[in-house]
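Chains as they are written, first to last, in the numbering used here: chain A, 68 to 425; chain B, 8 to 282.
Where a beta carbon is used, it is the ideal one built from N, C-alpha and C, also for glycine.
Listed below in structure tokens is the structure:
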């Protein structure tokens, strides 16, 4: 039993409120990712879970135990920091064993546990090195080992991959995913990188301005973004937004008027709506009769390897599309874009909420 | 073109080196001359043409060490300086740790107060202290001098240790808290060893400060608790003929402990930093 329950958590620094009544149930063995821009409160909530920040109001339970005011060491959590936070005056071996010295285990038991973790993370060659003699990636693996060796109820990761270069980040990301499959320890992972969130998470908590904007599986977040913010934050390149008015099934937008008869959605309260479509859902050939056709001119291309990203100027509005690299067009070419209606997201411009019925 | 550049750089470097050599000679020559003179007989010192080569003698040092006043001064200096530095470190280092973590207006005020202890001219402190110690019957004792020096060492050590603790990454201490360690364990097992090398610097600095201290010692002691700088200065009052050799020897004796301290510990510090 190591679920986490946050009930109406708030955090204030003086008059500045950074977390506004945060609710979350993390199930046992779940991998939760907090995703959001900097300053959205994601790290603050993680640090409240760790006990490194006081909870202003609300309650926090780990494994059914109220730990709202418990000391960090009494919560059964282990944390991995962005800057590794290894003890610089200790060797790798001592760094890993440091947390166990408080647990009342015998020297042999500690030795066995340390050796197990060292084997798991292939750290044996570095055991007698000091952190300063290792690369960032190796240091972070030591930090992960230090967290695992305590066999905590919950792992907390605070942007652990942000200081690493792209290749290492990917390697370590895979390693963290494998470790979670193996150990099944409940994990909360904070990042601002959507790729990390999408690949690692069982559920993503998308944070904005101290609130959870949406909580859902990566698929839900990607295919059914609850708000404009989520739609804009998730996906690369970003979703195209076409602001305009909707009356019944006819839409009047910056790129022209069209019929939305094939889409199912609730009417926006004031009539102002924003249509959203991902660059990947725009095609250069017609797939369905109901596809919305937009005429435009290619103004910019970006070759991505197997795909190509192009920006098309449609009547003054720039629409980005991603198509197969074979379909690359020269800049200046006139094209017709086909927008699939079933991939269209319709948002109420005033409230930012998604209106689709699905 | 490239060669010309190299040549210009070389000329520039040579000029810089020369300037550096001049400055070093300017700074070090008096010290070397003092060292040489401490091994000379008076005849060799007062000759109109300075002598670089002479038959060295240990008479000056012998004289200095045979003087009871020097032995007393050495003992006094040793005890007073050692105690004040140890007390200063014992209280100053934990205080600095607390202040480094005190991110509030109050913390800033305390830091400024500590620094302000070093603003006042020593005389301004020494005169009131003199009368207090006279009233308490503590005048001219090692205890009163130690207490006064603790003010110096404490404020210096606190002031220099705060940045040392501030450089200890917060996350390391947080990691230790998550590893189940309480505040004292975090201080002793994590913060202290990590900040250690910089703290040594603070301690050495405060040691040198009180070892060389003259003015306060002059005002708070008359005979029993006189420190080495006071005793050494008194050699100039030994009559009309200034005993240059003895004076130089006493200066050398005075300079050796800080030099040893710095020499030994700077090697130690270098090793600490390299690891």
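Relative to the C-alpha of residue i, which residue among the options is closest?
i	options	result
residue 254 of chain B	B:16, B:70, B:63, B:17	B:70
residue 269 of chain A	A:345, A:76, A:339, A:288	A:288
residue 123 of chain B	B:162, B:149, B:102	B:162
residue 403 of chain A	A:368, A:177, A:352, A:309	A:352
residue 109 of chain A	A:94, A:413, A:90	A:90
residue 349 of chain A	A:304, A:310, A:373	A:304
residue 416 of chain A	A:191, A:313, A:138, A:395	A:313
residue 181 of chain B	A:123, A:321, A:187, A:119	A:119
residue 142 of chain A	B:166, B:189, B:185, B:173	B:185
residue 265 of chain A	A:284, A:250, A:276, A:253	A:284
residue 166 of chain B	B:39, B:143, B:205, B:193	B:205
residue 153 of chain A	A:198, A:194, A:167	A:198
Ignore the nearest five residues each way along the sequence and tell me which others in residue i's own chain have a CB closer than 6 Å to its CB.
i	result
residue 133 of chain B	223, 226
residue 226 of chain A	149, 257, 258
residue 257 of chain B	71, 239, 242
residue 301 of chain A	261, 288, 289
residue 295 of chain A	414, 419
residue 147 of chain B	228, 229, 231, 232
Distance, Cα to Cα, residue i vs residue j?
i	j	result
residue 56 of chain B	residue 50 of chain B	11 Å
residue 261 of chain A	residue 174 of chain A	42 Å
residue 268 of chain B	residue 211 of chain B	7 Å
residue 380 of chain A	residue 240 of chain A	37 Å
residue 185 of chain A	residue 131 of chain A	31 Å
residue 16 of chain B	residue 30 of chain B	21 Å
residue 137 of chain A	residue 115 of chain A	10 Å
residue 84 of chain B	residue 171 of chain A	48 Å
residue 234 of chain A	residue 19 of chain B	45 Å
residue 317 of chain A	residue 363 of chain A	21 Å
residue 123 of chain A	residue 83 of chain A	12 Å
residue 401 of chain A	residue 321 of chain A	18 Å
residue 344 of chain A	residue 411 of chain A	5 Å
residue 270 of chain B	residue 246 of chain A	51 Å
residue 214 of chain B	residue 100 of chain B	14 Å
residue 328 of chain A	residue 334 of chain A	13 Å
residue 323 of chain A	residue 392 of chain A	28 Å
residue 340 of chain A	residue 319 of chain A	9 Å
residue 234 of chain B	residue 209 of chain B	22 Å
residue 253 of chain A	residue 115 of chain B	42 Å
Would you mind reading off the limits of the beta strand (DSSP E) that contains residue i?
i	result
residue 412 of chain A	412-415
residue 281 of chain A	278-283
residue 225 of chain A	221-225
residue 146 of chain A	144-147
residue 317 of chain A	317-320
residue 401 of chain A	401-406
Sorted by chain position, which residues of the same chain lie with C-beta nearer than 8 Å to residue i's C-beta, five sequence neighbours on each side aside?
i	result
residue 63 of chain B	46, 47
residue 125 of chain A	73, 74, 75, 76, 77, 88, 89, 135
residue 221 of chain B	236, 237, 240
residue 336 of chain A	415, 417, 418
residue 387 of chain A	304, 305, 307, 346, 376, 377, 378, 379
residue 153 of chain B	86, 87, 90, 91, 94
residue 358 of chain A	350, 405, 406, 407, 408
residue 182 of chain A	none
residue 217 of chain B	87, 88, 91, 92, 156, 159, 160
Over the uninterrupted alpha helix (DSSP H) stretch that includes residue i, give me the two end residues.
i	result
residue 302 of chain A	That residue, residue 302 of chain A, is in no alpha helix (DSSP H); it is neither H nor E in DSSP.
residue 156 of chain B	149-173
residue 78 of chain A	Unbroken run through residue 78 of chain A is the beta strand (DSSP E), 71-80; no alpha helix (DSSP H).
residue 424 of chain A	That residue, residue 424 of chain A, is in no alpha helix (DSSP H); it is neither H nor E in DSSP.
residue 214 of chain B	199-218
residue 47 of chain B	Per DSSP, residue 47 of chain B belongs to no alpha helix (DSSP H) and is neither H nor E.
residue 210 of chain A	203-215
I need the DSSP call for residue i, collapsed to helix, strand or coil.
i	result
residue 371 of chain A	coil
residue 95 of chain A	coil
residue 125 of chain A	strand
residue 142 of chain B	helix
residue 182 of chain B	helix
residue 353 of chain A	coil
residue 265 of chain B	helix
residue 359 of chain A	strand
residue 9 of chain B	Unreliable positioning characterises residue 9 of chain B in this predicted model, as indicated by a pLDDT of 47, which lies under 50. The coordinate reading is nonetheless provided below. Of the three classes helix, strand and coil, the one that applies to residue 9 of chain B here is helix, per DSSP.
residue 308 of chain A	strand
residue 118 of chain A	coil
Using a threshold of 8 Å, is the CB atom of residue i nearer than that to any non-hydrogen atom of the ligand ADP?
i	result
residue 86 of chain A	Because no ligand of any kind appears in the structure shown, any question about the ligand ADP cannot be addressed here.
Just to confirm my understanding: we take residue i, look at its own chain, exclude 5 residues before and 5 after, and list those with CB closer than 7 Å. What are they?
i	result
residue 214 of chain A	145, 146, 147, 222
residue 160 of chain A	181, 194, 195
Practice task
Please name the residues in the segment 197-214 of chain B whose beta-carbon is closer than 9 Å to at least one beta-carbon of chain C, in chain order.
Solution key: Structure shown: chain C not included; protein chains present are A and B.
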